[in-house]
Each structure stands twice: as structure tokens, then as C-alpha cells.
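Just below is one structure, and these are the notes that go with it.
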DNA sequence: ATACTATGTCGTATGTTTGCGACATAGTAG
DNA sequence: CTACTATGTCGCAAACATACGACATAGTAT
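Chains as they are written, first to last, in the working numbering: chain A, 188 to 303; chain R, 188 to 303.
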């Protein structure tokens with residue numbers, strides 16, 4: 188992303204945007220859900236469950252790992268991915284606060300003349 | 188986005204990803220927050236409050252409008268943007284459910300041997 | 001050792017996003 | 001009507017993202 192003046196956005200806004208970007212692709216949403224549903228933190232089985240090439244899935248996994256939402260541990264030949272519940276909980280708070288703030292105002296239905 | 192086989196992702200995953208993408212840029216997060224904080228739904232003042240060119244801000248506004256998170260009404264010379272609280276509330280539920288699912292599992296701390 | 005399996009990294013083609021100036025449109029005002 | 005203001009649309013350049021095959025690495029197994 189090439190923001191002209193990244194400085195001007197708050198850390199909170201940037202963090203929220205970063206996480207949102209990580210979830211901005213159905214494959215990544217699916218991966219998180221998969222990891223959440225399987226009790227065991229599967230590895231490359233993930234690739235088998237998605238409609239994408241193995242390498243593409245690896246890339247998505249790397250991206251999720253870069254943001255910190257998941258963690259991967261090598262176990263012999265296979266690699267074990269699991270959710271970073273700590274970060275997820277923190278992010279959950281962040282989103283809750285954001286949406287709470289956003290949904291607090293008046294409804295402003297279409298045709299309202301929008302009390303400006 | 189060029190998914191090879193878009194079909195294979197659920198509607199829920201795609202909807203969540205679409206909204207996440209809308210929030211995947213600090214400027215757009217900032218816009219939502221701005222609209223939430225000002226009681227009046229300001230118009231091009233938004234552009235003045237952000238560290239971006241006016242046209243760029245317009246573009247971000249269009250994107251948010253395309254996803255449906257905000258709505259714009261023409262009021263003479265100015266345009267009035269306001270939050271679509273109905274959609275926001277719905278999306279809030281969606282994210283809450285998603286994160287709830289994701290944070291439900293075991294912590295899986297690093298070094299856990301990751302019970303696979 | 002040799003063959004095999006699970007993963008990841010690279011390079012690349014194609015498409016998308018971002019940021020912005022130039023230009024078009026549409027009200028307002030004198 | 002003419003000048004001015006507020007917005008939006010276009011087109012473009014540069015940066016990213018997506019998807020994937022070819023290749024590298026590193027354990028396992030025989």
C-alpha cells in the first residue's frame with residue numbers, strides 16, 4: 188500500500204485495517220474457520236480442503252502468519268498451523284469497539300434529508 | 188479478485204471478506220469513524236480531514252458506498268454521507284460470530300507441540 | 001544411499017488498488 | 001449570463017495481490 192502520508196492515520200486505524208486486509212479474501216476466512224473447527228490444527232490438509240492450488244494456499248497461510256492470526260509449527264515432515272487465540276481475542280475487542288462506535292448513532296434512513 | 192473457482196467459498200465467507208476488504212484501508216476506517224463521531228453527516232469536509240487528495244477520498248467513499256456501509260444524499264451543492272447503521276449492525280453480528288467461533292478453541296501456545 | 005513425501009520459495013502473468021491531476025457536471029450567487 | 005464552489009468521473013502510473021508451475025529443502029522410509 189502506498190499511502191502518501193501514512194503518518195496521519197492512527198495506530199488503531201492502521202492495525203484494524205491490517206487485520207481487515209488479512210480477512211479480505213474468502214480463502215483466508217475459510218482457513219481461519221477450518222482451523223477453528225478442527226480440534227487438531229491440521230497442516231497441508233488445509234490445501235486439500237480449499238479450491239486452490241497448494242502453493243496459493245501456502246501463500247495465504249504465510250499472509251495470515253505475517254499478521255499474526257495464525258501460528259505454524261514444524262512437526263517432522265508436516266507443519267501444524269493453529270489459531271493465535273490471544274491475538275484473535277484482542278482483535279475481536281477491537282472490532283467490537285469499532286462497530287459499537289459505528290452503530291451507536293442515529294439510523295439515518297434513506298430519504299431522511301439526512302439532518303446535516 | 189480472480190479466484191479460480193469462486194463457487195467453492197460459501198456466501199458467508201465471501202460477504203465477510205467483502206466487508207473486510209472495505210475496511211482494509213486506514214482511510215476507510217477513518218471515514219467510518221469520522222461519520223460515527225460527527226452528529227451531522229458531513230460531506231466533502233471528510234476530504235479536508237484526511238491526509239489524501241480530494242479525489243482519492245471520493246474514491247474511498249465510492250468504495251464504501253458500493254459495499255453499502257455508507258450512503259450519500261445530494262443536498263443542493265453538497266453531498267451528505269452517513270453510515271448505514273442497519274448494515275453495520277448486521278455486519279457486526281457477522282464478525283462477532285466469526286470471532287466467537289475463532290476464539291472458542293484451545294489457546295495453543297507456542298511450544299505446545301501443537302496437539303496434532 | 002535412493003526414492004518419496006510434505007512444504008516452502010521463486011518467478012511470472014494477469015488483474016486490482018491507490019493516489020492524483022485534468023476535466024465534466026451541477027448547483028449558487030451576483 | 002458569468003463566476004464560483006462542491007463533487008464526481010477519467011485516465012494513468014506505480015504498487016500490490018492472486019494464482020500457479022517449476023524448483024529447492026528437509027524429513028521418512030526402505
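We put the beta carbon where it would ideally sit given N, CA and C, even for glycine.
{"Item": "Start-end ranges of the beta strand (DSSP E) lying completely within the region 218-264 of chain R, minimum 3 residues", "Value": "257-262"}
{"Item": "The region 248-263 of chain R contacting the region 262-281 of chain A, beta-carbon criterion three pairs below 8 Å", "Value": "no"}
{"Item": "Cβ neighbours of residue 285 of chain A in the same chain (closer than 7 Å, five flanking residues each side left out)", "Value": "203"}
{"Item": "One or two residues paired with residue 266 of chain R in a DSSP bridge", "Value": "R/261"}
{"Item": "Own chain residues within Cβ distance below 7 Å of residue 254 of chain A, not counting five before or after", "Value": "205, 206 and 209"}
{"Item": "Residue burial classification, residue 200 of chain R (beta-carbon count within 10 angstroms, cutoff 16)", "Value": "buried"}
{"Item": "Closest by C-alpha distance to residue 249 of chain R, when choosing among R/281, R/233 and R/196", "Value": "R/233"}
{"Item": "Buried or exposed (CB count within 10 angstroms, at least 16 for buried), residue 230 of chain R", "Value": "buried"}
{"Item": "Distance between residue 198 of chain A and residue 292 of chain A (C-alpha atoms, nearest Å)", "Value": "24 Å"}
{"Item": "Amino acids of chain R, ordered along the chain, whose beta-carbon sits closer than 7 Å to that of residue 216 of chain A", "Value": "200, 203 and 204"}
{"Item": "Contact with chain R by residue 236 of chain A, beta-carbon distance below 7 Å", "Value": "no"}
{"Item": "Local conformation of residue 292 of chain A per DSSP, three classes", "Value": "coil"}
{"Item": "Residue 221 of chain A CB to nearest heavy atom of the ligand GDP below 6 Å", "Value": "The ligand GDP is not part of the structure shown, which contains no ligands of any sort."}
{"Item": "From R/289, R/268, R/272 and R/283, residue whose alpha carbon lies closest to that of residue 227 of chain R", "Value": "R/268"}
{"Item": "Buried versus exposed call for residue 241 of chain A [16 or more other C-beta atoms within 10 Å across all chains shown]", "Value": "exposed"}
{"Item": "Residue-chain proximity (residue 303 of chain A, chain R), Cβ-Cβ < 7 Å", "Value": "Any reading at residue 303 of chain A must be qualified, since the residue scores a pLDDT of 47, below 50, and its modelled position is unreliable; no value is offered."}
{"Item": "DSSP-derived helix/strand/coil call for residue 272 of chain R", "Value": "helix"}
{"Item": "Whole-Å CB distance - residue 239 of chain A paired with residue 218 of chain A, under 8 Å assumed", "Value": "About 10 Å separates the two Cβ atoms, so there is no contact after all."}
{"Item": "Within 7 Å, strictly: CB atoms of residue 223 of chain A and residue 289 of chain R", "Value": "yes"}
{"Item": "Minimum Cβ-Cβ distance from residue 292 of chain R to chain A less than 7 Å", "Value": "yes"}
{"Item": "Integer-rounded CB distance, given that residue 211 of chain A should sit under 8 Å from residue 195 of chain R", "Value": "About 18 Å separates the two Cβ atoms, so there is no contact after all."}
{"Item": "Backbone CA spacing between residue 282 of chain A and residue 216 of chain A [nearest angstrom]", "Value": "16 Å"}
{"Item": "Partner residues on chain A for residue 207 of chain R, Cβ-Cβ distance less than 7 Å", "Value": "207, 210 and 211"}
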